[in-house]
Each structure stands twice: as C-alpha cells, then as structure tokens.
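J.: Pasting a structure below so you can have a look.
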Amino acid sequence: MEVTDISQLNPGEVQGAFFSTPTTGSEADETCWDWHIDLYPKGVTFKKCMMIGHYMNYELDEVFYDTVRLTVISNSTEARNARISILVYDKQEGIDYIAKSITRTCYFDGSNALQNFNDIVDFSELHDQCHDSKSLRIKITICPLKS
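Next up, the structure:
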C-alpha cells in the first residue's frame with residue numbers, strides 16, 4: 001500500500017484497502033478470509049458528537065491524535081488467530097530500504113474485529129516541512145495461525 005504526496009491529505013483522512021488471504025496459508029486452499037485495512041497517515045480525528053445517556057446527554061469535543069495508525073479489520077465473525085506483519089519502507093539517495101518492522105499475533109472474533117497499530121511511523125518525521133511531497137509505503141502480511 002502506498003500513499004503518495006501526503007501533504008495533499010486532510011488531517012484525519014483515511015486511505016483504505018480490501019484484500020483476502022487463504023484460510024490455512026496453503027496455495028491449494030480455496031477458502032479465504034477477507035480483511036479491510038485503514039491507514040491514517042495524517043493522524044486520527046474523532047469528530048465532535050453527543051453521547052446520549054439515560055439521565056443526561058454529554059457533548060464531546062473533537063479530539064485529534066498525532067499518530068500514524070494502521071487498522072486491520074476482519075470482515076468475519078469467525079474466531080481466528082493471525083500473525084500480522086507490517087514493513088514500513090523509506091528511501092534514501094534513491095534506494096528503498098525497510099525503515100521499520102512490526103509483528104503482532106492477533107485474535108479476531110465477533111466481538112474483537114479490529115486491531116490498531118499506532119505510530120507505525122513517527123508522526124513528526126513523516127510530516128517534516130522539508131518533505132512536502134513525502135510518500136508512505138507499507139507492506140502488510142497476514143498469516144493464519146492454528147487456534
């Protein structure tokens with residue numbers, strides 16, 4: 001997944017993708033798990049809202065978090081374990097290299113459908129003023145694990 005020219009995005013804007021992985025990791029396996037990926041390269045925004053309570057309502061102010069977040073969402077309620085790996089690429093003097101690697105074992109089911117990965121890239125480094133047309137390139141691998 002690559003986001004080019006991050007400076008053109010609005011704060012809190014989401015870049016999404018959908019894909020499928022084999023259930024067992026075998027090439028012969030024809031059953032797949034579907035995934036939805038959300039990338040927040042310019043931070044996470046929670047808009048102003050009203051929390052409606054039984055006795056009283058509360059107005060909640062807008063909140064912005066300076067984090068580069070990747071959210072992995074399972075599109076199924078079936079219980080599963082998966083190892084999620086994220087490679088973050090950077091470029092120096094025209095040469096691509098892996099700047100950061102993140103691996104986490106995750107459990108998904110009907111009540112735990114998403115996993116957040118915060119700070120996959122340092123927010124201030126990604127939005128440094130001297131990189132007006134900076135891009136962000138990541139590779140996501142999801143491997144099924146035996147339950």
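Last residue of the sequence shown: 147 in UniProt numbering, with the numbers rising by one and none dropped. Every residue gets a Cβ at the ideal spot worked out from N, C-alpha and C, and that includes glycine. Source: prediction; values computed, not measured.
Less than 8 Å between the beta carbons of ARG80 and PHE108, yes or no?
T.: yes
J.: So THR67 and GLY43 are supposed to be a Cβ contact under 8 Å. How far apart are they, rounded?
T.: 6 Å
J.: Tell me the start and end of each unbroken alpha helix (DSSP H) in the UniProt domain "BTBD17 TRAF" (2-136) that is at least 4 residues and wholly inside, in chain order.
T.: 123-126
J.: If the criterion is Cβ atoms closer than 8 Å, does the pair ARG137 and GLU13 meet it?
T.: Not closer than 8 Å, so no.
J.: What do you get for SER74, buried or exposed, if any count of 16 or more other CB atoms within 10 angstroms of its CB means buried?
T.: buried
J.: According to DSSP, is LYS146 part of a helix, a strand, or is it coil?
T.: Looking at LYS146 - three-state DSSP - the assignment turns out to be coil, as it is neither helix nor strand.
J.: Between ASP90, ARG104, ASP122, ILE52, which has its C-alpha nearest ASN116's C-alpha?
T.: The shortest C-alpha separation from ASN116 is found at ARG104.
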